[in-house]
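Everything below concerns the one structure shown next.
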């Protein structure tokens, strides 16, 4: 491997590729705003695409929405640093798809609601709905700036693109086409961006495999370096990644991200029928599995390329998140335009996540926070105009927060567990409503708040202990023996002079050592258990009727079987559960 003696920056072809991606995204928004046969002038058109969207664009949009720039940069770094155990996350995605398609999605589809959090008002009350909406909006307002900032930071440091220049430009383009074109513009730009992502990853993968010496050489070097590790069957929940923490933890995380998430529900309801929505979920699972697998294998390629001279140890990059862009610049120096294609792929992932977030947040703000408080209904044209203003406002806030995030490094370090603070409680509240007919509003409210407080405490405590050095994770070995001999001598002289005496520290609290993969599961289970307990303590739903449309088909079927069995034992017939009301 040759060392990179000088920084490699964008040339004119790279800038053309990057600008072309932004231009196409903007033109799609202009098309749906001014030239499409169906204008985005109604709530249904703007938020739901008129419920006439096709399977292909919706599927591509979902794939793009769930693979952010953080994933494209972070997963290869994860595999390079800790090995392939994380790769087993793809094993739980099929179970998530089945659970969502047959247990959660039919409820939303039967109700035909615009905001998934409207369900909480129908099943419990407006206070629980407000809690769910606030949790979602908080999550997105913190998540979107990180999604934009992380790839912008990595590429500004490696490619020379100025962070303060590229971030506002990219965000303004995203706000522009999301505001003008509504859901249809978001979906079709996501489709284009998904194709760019796949193209960029496949191109770099092929070049990387060739530069290392073939697939077998990549695998061989990875095995020698201890990177191949798929089946660590240790049940210890404090180990960062094992087969069980990854499989079980990712199941709950993905279930929360897919089954009740406003972005997913909004797109599935844009499909004309429930079977077509289920097909999009199947395509989503296949697409996500393919992208995650490519990102994981990219980590092995990067390790095989730098297996004798680790760039992080050498100091040419600050942290492992910059490995992939540094690798791209290293192997693509002779191919004008390829770095630009790859930057487009990473920012495409970021743009798709941002546009999806803006569109779904607009739906929640309008349907859950503004519409119920209006003294008189707005016309469709007024509602559409108001939603466009909302997109601009929250988009501007997100752009401003990007520069706040830049000053708050701890927030980025905590981004992995940040989503669990809201995802766990929300999954628990929705599960209470759909699977436990006796759960009431007080139980859901207390369960959700208690769960959120618990996960917040664990997450913040863990981050503090990590910052203090009391919690560390064993990394796979790296080597510098293939680096420049002069640099090796300087490195050895510095490391040998350091005081390496270990200072004994008291083990941190047990919950602080819990694998972050279990945070969402713990939050959901806590919300459910506390919700059930409080519901029984407060009389459940005594005297109230629960519409069967608000319950999962799985539990409705179970209740029908139980009711029919009891009726048979009593020598009578029962058709009470054939109706829409359960008492």
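Numbering (the UniProt record's numbering), first residue to last: 1 to 583.
No residue lacks a Cβ here, since even glycine has one placed at the ideal position from N, Cα and C.
Everything numeric in this text was worked out from a predicted model, so none of it was measured.
field: Secondary structure of residue 208, DSSP reduced to three states
entry: helix
query: From residue 88 to residue 376, what does the alpha carbon distance come to, in whole angstroms?
result: 52 Å
query: Which first and last residues belong to the alpha helix (DSSP H) in which residue 437 is found?
result: Segment: none, residue 437 is in no alpha helix (DSSP H) and carries neither H nor E.
task: Classify residue 484 as buried or exposed, calling it buried when 16 or more other Cβ atoms lie within 10 Å of its own Cβ.
output: exposed
- request: With a threshold of 16 other CB atoms inside 10 Å of the CB of residue 463, please say whether the residue is buried or exposed.
  value: Classification for residue 463: buried.
Under the three-state DSSP convention, the category residue 510 falls into: helix
- prompt: Under a Cβ-count criterion, where at least 16 other Cβ atoms within 10 Å of its own Cβ denotes burial, should residue 479 be classed as buried or exposed?
  reply: exposed
query: Is it a yes or a no for the segment 186-205 touching the segment 333-352, going by three-plus beta-carbon pairs under 8 Å?
result: yes
- prompt: Around the C-beta of residue 381, are 16 or more other C-beta atoms found within 10 angstroms, so that it is buried, or is it exposed?
  reply: Exposed, since its Cβ has fewer than 16 Cβ neighbours within 10 Å.
- request: Would you mind giving the Cβ-Cβ distance between residue 519 and residue 424, rounded to the nearest angstrom? I have them listed as a contact below 8 Å.
  value: Contact between residue 519 and residue 424 holds: their C-beta atoms lie close to 6 Å from each other, under 8 Å.
message: Between 108, 437 and 285, which has its C-alpha nearest residue 59's C-alpha?
response: Answer by Cα proximity: 285.
- request: Would you tell me roughly how many angstroms separate the C-alpha atoms of residue 410 and residue 555, rounded to the nearest one?
  value: Below a pLDDT of 50, predicted positions are generally treated as unreliable, and residue 410, at 40, falls in that range; the measurement from the model is reported next regardless. Going from the Cα of residue 410 to the Cα of residue 555 covers about 42 Å.
task: Below 8 Å CB to CB, which residues in the same chain sit around residue 109 once its five sequence neighbours on both sides are set aside?
output: 268, 269, 274 and 277
task: Give me the Cα-Cα distance between residue 231 and residue 473, rounded to the nearest whole angstrom.
output: Taking C-alpha positions only, residue 231 is separated from residue 473 by approximately 18 Å.
- request: Label residue 164 either buried or exposed according to how many other C-beta atoms from any shown protein chain fall within 10 Å of its C-beta, with 16 as the threshold for buried.
  value: exposed
message: Quick check: is any heavy atom of the ligand COA less than 6 Å from the C-beta of residue 240?
response: Although the ligand COA was asked about, the structure shown includes no ligands whatsoever.
task: Answer yes or no: do residue 459 and residue 530 have a C-beta to C-beta separation smaller than 7 Å?
output: The criterion of a C-beta distance shorter than 7 Å is not satisfied by residue 459 and residue 530.
- prompt: Is there contact here, the segment 345-362 with the segment 92-105, by at least three beta-carbon pairs under 8 Å?
  reply: no
message: Contact defined as beta carbons within less than 8 Å: I believe residue 61 pairs with residue 295. What is the distance between those atoms, to the nearest angstrom?
response: 19 Å between Cβ atoms; not a contact.
Residue nearest to residue 524 in terms of C-alpha spacing, selected from 430, 361, 482 and 477: 430
message: As a quick exercise: from 78, 313 and 533, pick the residue whose alpha carbon is nearest that of residue 301.
response: 78
message: Taking contact to mean 3 or more Cβ pairs, one atom from each stretch, closer than 8 Å, check whether the segment 388-395 and the segment 214-228 are in contact.
response: no
Proximal residues to residue 48 (C-beta, below 8 Å), its chain only, five neighbours per side dropped: In this prediction, residue 48 has a pLDDT of 49, which is less than 50 and means its spatial position is unreliable; what the coordinates show is noted afterwards. If we look at residue 48 and ignore the five residues flanking it on each side, its Cβ neighbours are 114, 183, 266, 269 and 270.
Spatially closest choice to residue 11 from 156, 336, 398 and 27, by CA coordinates: 336
For residue 103, three-class secondary structure by DSSP: helix
query: Is DSSP giving residue 188 helix, strand or coil here?
result: helix
message: Determine whether the beta carbon atoms of residue 124 and residue 364 lie at a separation below 7 Å.
response: no
message: Can you give me the C-alpha to C-alpha distance between residue 259 and residue 309, rounded to a whole angstrom?
response: Each residue's Cα considered, the two are about 43 Å apart.
field: Residue closest to residue 214, alpha-carbon to alpha-carbon, out of 324, 264 and 305
entry: 305
message: Using only the alpha-carbon positions, how far apart do residue 398 and residue 250 sit?
response: 27 Å
- prompt: DSSP state of residue 470, grouped into three classes?
  reply: coil
Inter-residue spacing [alpha-carbon to alpha-carbon] between residue 534 and residue 244: 31 Å
query: Does DSSP classify residue 592 as helix, strand or coil?
result: For the chain, the structure presents residues 1 to 583; residue 592 sits outside this window and is missing.
message: On the DSSP letters alone, give me the boundaries of the alpha helix (DSSP H) that residue 303 sits inside.
response: Where residue 303 is concerned, the enclosing alpha helix (DSSP H) starts and stops at 274-305.
query: Going by other Cβ atoms of all chains shown within 10 Å of its Cβ, with 16 needed for buried, is residue 420 buried or exposed?
result: It is buried - the Cβ of residue 420 has at least 16 other Cβ atoms within 10 Å.
message: Considering only their Cβ atoms, is the gap separating residue 111 from residue 549 smaller than 7 Å?
response: yes
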